[in-house]
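Chemist:
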Amino acid sequence: MEPTPQKSLERVISQRAVQMSASLQCKTWVLGFFCGICIAYLFLVAFTPYKAAEFGAGFTNSLAADSTNSSSLSLEVDKNAECDFSTKDNGNSAKFEGSNQPSDVKKAALLYSAWTAVLDDSKDSYGEFFNRGPNRTSLPRPPYVEDCKMNVEINRILDLRGENGSLPRWSLWKGKLGLELFRVAFPSEEQKLQAAFQNASPPWVLGSDEDNFPLTRLVQRHLWIHQHPQNCNKPNLRFLVADWARLPGFGIGAQLAGMAGLLAIAINENRILVTGYYNRADHGGCQGSSHAHWSCYFFPEAAQECRDRANDLMKTKEAWDDHIITVKDNYTSKEIWGGRIPRVWGEPWNYLQPTTDVDGNLLRHHRKMDWRWWRAQALRYLMRFQSEYTCRLLNVARHSAFGLEAAEMVLKTIPGWPKESVDSSLSDIENFVWSNHKPWIPRPILSIHVRMGDKACEMKVVEFENYMHLAERIRKKFPNLNSIWLSTEMQIGNMSMAAYEASLGRETSTNYPLVNFIMATDADFFIGALGSTWCFLIDGMRNTGGKVMAGYLSVNRDRFW
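Following the working numbering, the numbering of the sequence shown begins with 131 at its first residue and continues without gaps.
#1: Buried or exposed, going by whether 16 or more other CB atoms sit within 10 Å of the CB of ASN673?
#2: Would you kindly work out how many angstroms separate the C-alpha atoms of MET582 and SER626, rounded to a whole number?
#3: If contact is defined by three or more beta carbon pairs under 8 angstroms, each pair taking one atom from either stretch, is the region 419–428 in contact with the region 510–518?
#4: Which value, in whole angstroms, describes the spacing of the CA atoms of LEU307 and MET598?
#5: With distances taken Cα to Cα, identify the nearest neighbour of PRO484 among GLY681, ILE455, GLY337 and PRO332.
#6: Apart from the five residues just before and just after ARG437, which ones in its own chain have a Cβ nearer than 6 angstroms to its Cβ?
#7: What three-state label does DSSP hand LEU345 in the structure shown?
#8: ALA531 to ALA449, Cα distance in whole Å?
#9: Apart from the five residues on each side of it in sequence, which residues of its chain come closer than 8 angstroms, Cβ to Cβ, to TRP334?
#10: Along the alpha helix (DSSP H) that carries LEU414, what are the first and last residues, could you check?
#11: When burial is assigned at 16 or more other CB atoms within 10 Å of the CB, is PRO264 buried or exposed?
#12: Among MET444, THR246 and LEU336, which one has its Cα closest to the Cα of HIS567?
#13: Between which two residues does the beta strand (DSSP E) carrying THR663 extend?
#14: So is ASN285 buried or exposed if we call it buried at 16+ other beta carbons inside 10 Å?
#15: Quick check on the burial criterion: 16 or more other C-beta atoms within 10 angstroms. Buried or exposed for ARG528?
#16: May I ask you to report which of helix, strand or coil DSSP gives LYS225?
#17: Just the C-alpha distance for LEU393 and ALA508, rounded to the nearest angstrom, thanks.
#18: Kindly indicate which residue of LEU660, GLU637, THR638 and TRP664 has the alpha-carbon position closest to the one of PHE647.
#19: So THR638 is in the alpha helix (DSSP H); what residue range does that whole segment cover?
#20: Going by DSSP in three states, TYR682 sits in which element: helix, strand or coil?
#21: DSSP state of VAL371, grouped into three classes?
#22: Just reading off the beta strand (DSSP E) that ARG401 is part of, what are its end residues?
#23: Grab me the residues of VAL474's own chain with a C-beta within less than 8 angstroms of its C-beta, minus the 5 sequence neighbours each way, in chain order.
#24: Could you give the residue range of the beta strand (DSSP E) that holds LEU576?
#25: For CYS165 and GLU631, I'd like the C-alpha separation in whole angstroms.
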């Protein structure tokens with residue numbers, strides 16, 4: 131009897147995990163796999179025969195480096211040897227000894243390993259390493275890499291008011307094109323063009339209006355204006371200052387849901403929300419002013435001037451007596467977790483398109499539609515721009531997951547590499563136009579988040595076979611679907627989530643899930659469990675990121691619906 135595709139894939143995953151776990155060097159990768167950082171190929175497509183970079187180590191070692199110092203890394207590729215490279219500065223080397231492998235496979239392994247060396251040893255932005263001119267490196271640029279420094283520079287401008295308190299330049303010229311060439315093209319029309327920006331939509335909302343929850347662009351614009359007033363020192367401004375929840379057992383999903391509730395209170399009371407201590411950013415990877423703050427991972431929730439003003443008011447008795455300042459303790463748990471959703475935009479949740487599939491039927495209505503809509507809006511705003519640190523985490527994740535496949539693809543364009551030289555200089559269209567494109571990942575790609583472990587105390591945990599059954603349904607409609615981003619919250623076992631996170635350490639237990647979250651929101655399709663807050667929030671981010679019509683297949687209903 132032939133095995134079913136689901137059973138075959140499960141056997142491939144299990145056998146591959148056992149093989150890797152037998153190697154000490156691969157144990158960290160296996161940990162990353164079961165934490166949720168992995169890429170599987172759907173329906174009997176084998177895993178790569180080469181070991182991926184030790185993902186846990188790569189996450190920590192390469193990202194904690196001081197980004198203020200330029201890298202002294204120098205890569206040399208022996209053009210006479212088929213598979214050998216070394217890094218001069220530290221003497222580390224990796225060799226793919228002779229075997230029966232064809233030369234193109236060995237060259238792909240060589241290129242992937244060279245990219246790994248840059249990623250591990252470079253003390254600056256991984257993307258910036260490849261932007262230093264033709265004499266910097268003979269390596270072709272990985273297509274999955276972002277220039278994190280450039281992205282943050284552009285987004286910082288898009289997150290600041292202009293002269294005289296005008297809104298940011300959210301329209302007209304995009305990304306680096308607008309950053310570097312706009313003023314050159316229109317040197318005398320700056321003020322005239324400012325009027326065009328006043329009704330512009332935020333750039334972090336992608337897709338058409340129909341591809342997002344109702345009024346997403348309008349709400350995101352209003353939230354940004356509310357949190358970035360023209361003058362943070364106006365005497366009538368009021369603030370809600372709140373640390374992130376850190377009760378025992380609270381996961382990242384619960385923290386995000388709680389902060390969404392506090393943002394709702396701030397909007398209803400016409401206060402500016404200012405977040406304080408974030409325990410999950412209290413680790414060595416988060417440096418400087420972003421240490422132990424949300425800004426380690428994403429842009430701050432409010433203008434810096436307002437954050438400074440709120441912190442100053444916290445020290446004055448009058449601000450407390452006059453209720454100019456409130457904190458989380460001023461509100462009950464019910465108000466935070468189930469309070470009134472802002473009605474300033476009406477009730478757009480009544481018009482949500484039914485695109486969620488449960489048991490083969492579209493879910494048309496439930497009693498938490500208002501919270502589903504609002505939490506999606508709150509998260510989209512809070513996660514509107516990634517920090518440089520988060521951008522680097524994603525570079526590492528894409529490298530570990532897709533690096534070898536990308537190497538094989540790139541080498542088809544330069545079959546003579548490494549003997550053939552690579553011109554790393556950029557033309558204007560590459561520098562200013564194509565730089566705005568998202569980093570490459572294999573598409574279409576399906577994200578599956580499997581809930582297990584101690585989640586069983588809150589909902590019925592569903593077997594992996596049920597998830598794969600839904601994956602089969604998607605592939606029948608989209609037969610070109612070959613890739614899965616498979617994630618879960620913990621290794622299989624009876625350990626509590628809190629104990630498991632403690633065993634990983636704060637940095638790893640935060641970075642892994644956040645990378646998974648972002649990758650899931652960007653995937654073409656998503657399968658999860660509505661009974662999981664984490665999946666609930668992923669779905670919300672997808673529905674405010676242009677993914678409404680991709681749909682959502684769930685293995686169960688939300689336990690509160």
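Virtual Cβ for every residue (Gly too), placed ideally from N, Cα, C.
Modeler: On the basis of the data shown:
#1: In the sequence shown, the residue the question calls residue 673 occupies position 543. Taking all protein chains in view, the Cβ of ASN673 is crowded by 16 or more other Cβ atoms within 10 Å, so the residue is classified as buried.
#2: Within the sequence shown, numbered from 1, the residue matching residue 582 stands at position 452. Within the sequence shown, numbered from 1, the residue matching residue 626 stands at position 496. If you draw a straight line from the Cα of MET582 to the Cα of SER626, it comes to about 11 angstroms.
#3: For the pair of segments examined, the region 510–518 was found to touch the region 419–428: the number of CB pairs separated by less than 8 angstroms reaches three.
#4: Translated into positions along the sequence shown, residue 307 becomes position 177. Translated into positions along the sequence shown, residue 598 becomes position 468. CA-CA distance, LEU307 to MET598, rounds to 43 angstroms.
#5: Sequence index remark: in the sequence shown, residue 484 carries index 354 (1-based). Per the C-alpha coordinates, the member of GLY681, ILE455, GLY337 and PRO332 positioned closest to PRO484 is GLY681.
#6: If you number the sequence shown from 1, residue 437 lands on position 307. The beta carbon of ARG437 lies closer than 6 angstroms to those of VAL404 in the same chain, with the five residues before and after it left out.
#7: Position 215 of the sequence shown, counting from 1, holds the residue named residue 345. Of the three classes helix, strand and coil, the one that applies to LEU345 here is coil, per DSSP.
#8: As a first step, residue 531 must be located in the sequence shown, where it is residue number 401. As a first step, residue 449 must be located in the sequence shown, where it is residue number 319. Distance between the alpha carbons of ALA531 and ALA449 is about 51 angstroms.
#9: Indexing the sequence shown from 1 puts residue 334 at position 204. The residues are GLN350, ARG510, ARG514 and PHE515.
#10: Within the sequence shown, the letter at position 284 stands for residue 414. The question names Leu, but residue 414 is Gly in the sequence shown. In the DSSP assignment, GLY414 falls outside any alpha helix (DSSP H) and carries neither an H nor an E.
#11: In the sequence shown, residue 264 corresponds to position 134, counting from 1. Residue placement at PRO264 is poorly supported in this model, since its pLDDT is 42, which falls under 50; the coordinates are not used for a value here.
#12: For this step, residue 567 is matched to residue 437 along the sequence shown. Of the listed residues, the one whose Cα sits closest to HIS567 is LEU336.
#13: Translated into positions along the sequence shown, residue 663 becomes position 533. No beta strand (DSSP E) contains THR663, which is instead part of the alpha helix (DSSP H) from 663–673.
#14: Walking along the sequence shown from the start, residue 285 turns up at place 155. ASN285 counts as buried, since no fewer than 16 other beta carbons sit within 10 angstroms of its beta carbon.
#15: Counting from 1 along the sequence shown, the entry for residue 528 is found at position 398. Answer is buried; the Cβ neighbour count reaches 16.
#16: Residue numbering aside, residue 225 sits at position 95 when the sequence shown is read from its first letter. For LYS225, the predicted structure reports a pLDDT of 40, less than 50, and the residue's modelled location is therefore unreliable. A value from the coordinates is still provided. For LYS225, the three-state secondary structure derived from DSSP is strand.
#17: Numbered from 1 along the sequence shown, position 263 holds the residue referred to as residue 393. Numbered from 1 along the sequence shown, position 378 holds the residue referred to as residue 508. Cα atoms of LEU393 and ALA508: separation of roughly 7 angstroms, rounded to the nearest angstrom.
#18: Along the sequence shown, one-based indexing puts residue 647 at 517. Ranking the options by Cα distance to PHE647, first place goes to TRP664.
#19: If you number the sequence shown from 1, residue 638 lands on position 508. Bounds of the alpha helix (DSSP H) holding THR638 are 636–652.
#20: For the purposes of this step, residue 682 is taken as the residue at position 552 of the sequence shown. Looking at TYR682 - three-state DSSP - the assignment turns out to be strand.
#21: Start at 1 with the first residue of the sequence shown, and residue 371 comes out as number 241. In the structure shown, VAL371 sits in a strand (DSSP, three-state: E or B).
#22: On the sequence shown, residue 401 is found 271 positions in, with the first residue counted as 1. Per DSSP, ARG401 is one residue of the beta strand (DSSP E) stretching across 401–405.
#23: Against the sequence shown, residue 474 aligns to sequence position 344. Once the five neighbours on either side are set aside, the close Cβ partners of VAL474 are HIS352 and ILE397.
#24: Reading the sequence shown from its first residue, position 446 is the one you call residue 576. Run containing LEU576: 575–580, per the beta strand (DSSP E) assignment.
#25: Reading the sequence shown from its first residue, position 35 is the one you call residue 165. Reading the sequence shown from its first residue, position 501 is the one you call residue 631. In this predicted model, CYS165 has a pLDDT of only 37, less than 50, meaning its place in the structure is not dependable enough to derive any value.
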